[in-house]
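Numbered by numbering that gives the first Met the number 0, the letters in the sequence shown go through residues 0 to 486 in order.
What follows is a single structure, written as structure tokens, with notes after it.
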Amino acid sequence: MHCIIPPRKLHRNLQLRLPQHTILSTPPLTSEQKYPLHRKTTTHSPQTPMRLPRAHVSCLASRAACWGRTLAPAGPSQRTLGLRRFTSSGAAQYTLPVNPDSLVLNPKFDPVPKPASLVDHLKERGLVESVTGLPGKLDELLKKQPVTAYAGIDPTASSLHVGHLLPLMNLLHLHLNGHDTIALIGKATASVGDPSGRATERDKAAAETVMTNFESIWQQVERFFARAEEYAEARGHDRRRWGRRTLRTNGEWLDGLGLVHFLANIGRHIRVQQMLARQSVKTRMDTQKGINFAEFTYQLLQSYDFWHLHKTAGCRLQIGGNDQYGNITAGIDLIQRLVKEGSDAEVTTTTTPSNKDTTDSDVAYGMTVPLLTTPSGEKFGKSAGNAVWLDETLTSPFELYQFFVKTPDDLIPTYLRTFTLLPLPTITALLADTHIPFPHLRTAHNTLARELVHLIHGAPAAHKAELMTRLLFPPTTIFAQDFSADE
0 MHCIIPPRKL HRNLQLRLPQ HTILSTPPLT SEQKYPLHRK TTTHSPQTPM RLPRAHVSCL
60 ASRAACWGRT LAPAGPSQRT LGLRRFTSSG AAQYTLPVNP DSLVLNPKFD PVPKPASLVD
120 HLKERGLVES VTGLPGKLDE LLKKQPVTAY AGIDPTASSL HVGHLLPLMN LLHLHLNGHD
180 TIALIGKATA SVGDPSGRAT ERDKAAAETV MTNFESIWQQ VERFFARAEE YAEARGHDRR
240 RWGRRTLRTN GEWLDGLGLV HFLANIGRHI RVQQMLARQS VKTRMDTQKG INFAEFTYQL
300 LQSYDFWHLH KTAGCRLQIG GNDQYGNITA GIDLIQRLVK EGSDAEVTTT TTPSNKDTTD
360 SDVAYGMTVP LLTTPSGEKF GKSAGNAVWL DETLTSPFEL YQFFVKTPDD LIPTYLRTFT
420 LLPLPTITAL LADTHIPFPH LRTAHNTLAR ELVHLIHGAP AAHKAELMTR LLFPPTTIFA
480 QDFSADE
């Protein structure tokens, strides 16, 4: 039996036990074994126990959980391994809960099964705040056929920030489960300004600034999904089950839309009472400056976006922040009115698997995500002045890693479920085995940081940020670090 052992002096207090009551032992260290042994393979006789010091066990636990280098069996039937603590005769012992035919420090994940209920799965991960329509109808639709969904991002800044991750993660989960997704960059609506979630008027953005931001956001969103797909494959998601993903801008249809045409064909379906009842409008109406006409009509443009994507791409689902609920329902209402009035010139729908054979009650849906807030309850974002950017030139991968390492303990379970693709049982075991009994080791914190940097910036950047963290902030329970010459 072969096992890769990091370099540490052996001790008699603790034992590393393998399943099926197999206990490995090690001979005394030779001169060759003084060098990093994680690049070597040593053979041990299963006759006497292999005893490891407490720091040695902590090192193994850190490798397996903290930094994501989970111990996994080599060969065709690779499965994820974890380290589980238990007490026997007053000694802390750690087991590897798999058959260890051959162990390598290389994370492998089982193929991820399709969830029985995608909506419930997203809710369990903390990615859904509310769903429009009758209970269960959207879930029934997602089970029955591929559905096209979209989420919009206005390029009001030159970079995405962590607050954008929640709608993007919803799109990612839908994409990985066979549904088609559209990431819509609001080049046209960015110049108007969305009043949702704001107590003051937005500054007017110059056309050159909007275009510069648009090009930057476009590239970042494309890069996000490319790296997210790489990350998803590394976490066991089968590419053959994925849906299509598209990146579009509402400038395609809004830039050339005439005011008279819009009012004649769309404006007559809008009810001013409903517009005034939107919470975003009421909040601004109560302020001294009120709300300008451009921001007041923003919900009309967002509604038209939903209608246009429904008409041309069969889009049935819009995803947005919790503060977007009013704008989303306005779009659903517009779609229902235009579909019902099928003789309208605007209603020349393209027959797609997502919009044929529909009724007024299930023609379109909305799903909102909770807003990402600071521990004090303040919203993350550019306007609040506390944005954590996803552009590596504004927030480096190491800074992003450090931000999530410093996450308060009570937010770790939520962030692990929301921002990573780790299986929920794996997260539960990680929290039960390390985070709850040993919060000072910050094992779950480092797991969250490494997974998220992998998602945003790729595996090499995650490894580099992890390595820098280990060099600058070594765990106090490990007496030495074993680095390669390249590292």
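All residues carry an ideal CB built from backbone N, CA and C; glycine is no exception.
It is roughly 32 Å from the alpha-carbon of Ile411 to the alpha-carbon of Asn212.
The criterion of a C-beta distance shorter than 8 Å is satisfied by Leu370 and Asn321. Judged by beta-carbon spacing, Thr155 lies within the 8 Å limit of Ala189, meaning their Cβ atoms are closer than that value. The beta carbon of Ile426 sits closer than 8 Å to those of Pro412, Leu415, Arg416 and Thr419, all from its chain and outside the five residues before and after it, given in chain order. Every unbroken stretch of the beta strand (DSSP E) spanning 3 or more residues and falling wholly within the segment 218 to 293 is given here in chain order: 244 to 248.
Under the three-state reduction of DSSP, Ile435 is assigned to coil, being neither helix nor strand. By the C-beta density criterion, Pro436 is exposed, having fewer than 16 other C-beta atoms within 10 angstroms. In the three-state reduction of the DSSP assignment, Gly365 falls in the strand class, which pools E and B. DSSP places Ala182 in the strand class (E or B) of the three-state scheme. For the pair Ala263 and Phe292, the Cα-to-Cα distance works out to about 19 Å. In summary, His260 is exposed, with fewer than 16 beta-carbon neighbours lying within 10 Å of its beta-carbon over all protein chains present.
Between Glu450 and Ala461, the alpha-carbon positions lie close to 8 Å from each other.
The Cβ neighbour count for His439, taken over all protein chains shown within 10 Å, is under 16; the residue is labelled exposed. If you look at Leu470, you'll find it in the alpha helix (DSSP H) that goes Ala458 to Leu471. Where Leu316 is concerned, the enclosing beta strand (DSSP E) starts and stops at Cys314 to Gly320. Here Tyr149 really is in contact with Ile181; their C-beta atoms are around 4 Å apart, less than 8 Å. Our two residues, Tyr364 and Ile216, have alpha carbons roughly 26 Å apart in a direct line. Between the segment 300 to 309 and the segment 276 to 286 there are fewer than three C-beta pairs closer than 8 Å, too few to call the two in contact. In terms of Cα proximity to Glu251, the closest of Leu300, Gln273 and Phe295 is Leu300. Just so you know, the alpha carbons of Val452 and Ala428 end up roughly 22 Å apart. Judged by DSSP in its simplified three-state form, Gly330 adopts helix. The C-alpha of Phe295 lies about 14 Å from the C-alpha of Gln323. Beta bridge pairing from DSSP links Trp388 with His160.
Non-local beta-carbon contacts of Val338 in its own chain, meaning distances under 6 Å to residues more than five positions away in sequence, involve Val362 in chain order.
In terms of Cα proximity to Leu141, the closest of Cys314, Arg222 and Ala227 is Cys314. In the three-state reduction of the DSSP assignment, Val111 falls in the coil class.
Under the criterion of beta carbons closer than 8 Å, His160 and Leu470 do not qualify as touching, at roughly 27 Å. For Thr248, the CB contacts under 8 Å within the same chain, skipping 5 residues up- and downstream, are Leu183, Ile184, Gly185, Lys186, Ala187, Phe213 and Trp217 in chain order. Classified as exposed, Ser129 has fewer than 16 neighbouring CB atoms from the shown chains inside 10 Å of its CB. Collapsing the DSSP output to three states places Ser116 in coil.
Between His456 and Arg226 the beta-carbon gap is near 7 Å, inside 8 Å, which marks them as a contact. Distance from Asn176 to Leu117 at the Cβ level is roughly 6 Å; contact confirmed, criterion being Cβ atoms closer than 8 Å.
In this structure, DSSP gives Val130 an extended state, which the three-state scheme calls strand. Apart from sequence neighbours up to five positions away, the residues of its chain that approach Leu164 with a beta-carbon distance below 7 Å are Phe418, ordered along the chain. Annotation: Leu126 to Val368 spans about 5 Å, alpha carbon to alpha carbon. Checking the DSSP bridge columns, you'll see Ala150 partnered with Ala182 and Ile318.
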